[in-house]
């Protein structure tokens with residue numbers, strides 16, 4: 001049990017799952033739950049995936065382009081414009097994208113679209129930065145853009161190999177992600193090792209380039225008011241990437257990495273767990289994490305409880 005939800009002092013709900021802390025060399029230093037069981041990291045795999053685009057020969061014109069390639073953006077205007085620019089630089093347009101059309105995730109942008117009667121677009125889908133970079137990498141490498149989401153495509157084969165190598169274990173399963181791309185199952189320990197390897201990578205390497213771009217331009221990784229953007233802004237040097245269905249991973253150079261998966265796949269308990277792991281195991285000051293340490297539970301016009309990490313994380 002990683003998270004407790006209390007309302008007026010009464011234990012209303014809990015969230016169970018697994019969490020792991022690895023050191024700078026990838027060694028397990030602490031864990032709770034089954035951290036060897038394969039999970040689907042979903043978008044938490046994106047930073048390691050992005051190293052494959054660079055290895056294929058893609059040369060982003062800015063660090064912002066590399067950041068959005070590793071991100072899950074909110075579909076704000078600047079996000080869509082940058083993803084379109086990545087495509088245009090490779091001689092492609094939005095019609096080449098294999099991700100599904102979507103409305104922007106950013107609340108005010110989505111509301112404006114709905115009022116205007118604007119239909120969902122592929123560029124607004126939160127993975128369009130990743131897909132744009134995948135296509136640009138295919139063009140750079142001379143690989144076909146048709147079928148770029150097939151598991152047998154050279155780009156997807158390299159992504160699979162790189163995820164396994166960074167995790168220190170073979171990919172356990174390959175399924176279809178929400179955006180239509182292959183999704184690679186890893187253990188939580190492997191996920192933490194892989195993302196930790198990026199912040200520990202030497203300067204000039206693809207891993208370090210991705211880590212530096214993501215940390216320097218966190219708005220392109222998530223967006224306005226979103227936890228990954230705000231956490232990386234609040235904690236210098238921190239790399240954070242969330243994934244769907246209750247997954248989160250974070251790494252600090254010289255200190256290691258943490259990863260969590262909530263069994264129920266919900267988002268409510270993720271940030272309290274992540275904040276507890278960062279504070280108690282990677283030494284991030286409590287004041288820097290105060291916004292995420294507990295989530296308020298409301299009743300009427302006030303706060304009557306909290307969503308908080310359990311004693312297994314803080315004891």
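Residue numbers (UniProt numbering): 1 to 315. Don't be surprised by glycine CBs; every beta carbon is placed ideally from N, CA and C.
CA-to-CA, the gap between residue 122 and residue 311 works out to about 43 Å.
Its Cα nearest to that of residue 211, the residue 70 stands out among 70, 40, 39, 52.
DSSP places residue 221 in the coil class of the three-state scheme, outside both helix and strand. DSSP, reduced to helix, strand and coil, places residue 16 outside both helices and strands of the structure shown, so it counts as coil. Per DSSP, residue 80 lies in no beta strand (DSSP E) segment; the continuous alpha helix (DSSP H) that holds it begins and ends at 77-89. Within the stretch 99-153, the alpha helix (DSSP H) runs of at least 4 residues that lie entirely inside it are, in chain order, 107-116, 128-141. Counting only runs of 4 or more residues that sit fully inside the stretch 196-279, the alpha helix (DSSP H) segments are 206-216, 227-234, in chain order. When 78, 49, 88, 303 are compared, the shortest CA-CA separation from residue 130 is found for 49. Apart from sequence neighbours up to five positions away, the residues of its chain that approach residue 17 with a beta-carbon distance below 7 Å are 2, 33, 246, 260, 261, 262, 263, ordered along the chain.
Restricting attention to 305, 115, 82, 176, the CA atom closest to the CA of residue 61 is found in 82. When the five nearest sequence neighbours on each side are left out, the beta carbons in the same chain lying within less than 7 Å of the beta carbon of residue 190 are those of 167, 168, 169, in order along the chain. CA-CA distance, residue 164 to residue 223, rounds to 29 Å. Per DSSP, residue 297 is one residue of the beta strand (DSSP E) stretching across 295-299. The C-alpha of residue 42 lies about 20 Å from the C-alpha of residue 215.
Exclusion of the five residues before and after residue 175 leaves 40, 182, 183, 185 as the residues of its chain whose Cβ lies within less than 8 Å of its Cβ.
For residue 64, no beta strand (DSSP E) encloses it; the enclosing alpha helix (DSSP H) starts and ends at 63-69. The DSSP-derived three-state label of residue 36 is coil.
Of the residues 231, 68, 54, 28, the one whose Cα lies closest to the Cα of residue 206 is 54. Residue nearest to residue 258 within the set 36, 138, 30 is 30 (criterion: CA-CA distance). In the DSSP assignment, residue 307 falls within the unbroken beta strand (DSSP E) covering 302-309.
Counting only the Cα atoms, residue 305 lies some 31 Å from residue 252.
Three or more beta-carbon pairs separated by less than 8 Å are not found between the stretch 82-91 and the stretch 221-240, which leaves the two stretches without contact. DSSP, reduced to helix, strand and coil, places residue 4 within a strand of the structure shown. In the DSSP assignment, residue 175 falls within the beta strand (DSSP E) that extends over 173-176.
The Cβ atoms of residue 147 and residue 105 do not sit closer than 8 Å to each other. Per DSSP, reduced to three states, the secondary structure at residue 97 is coil, with no helix or strand assignment.
DSSP places residue 54 inside the alpha helix (DSSP H), whose first and last residues are 46-55.
Contact between residue 97 and residue 128 holds, with the beta-carbon distance rounding to 6 Å and staying under 8 Å. For the set 243, 244, 220, the Cα lying nearest the Cα of residue 233 is the one of 220.
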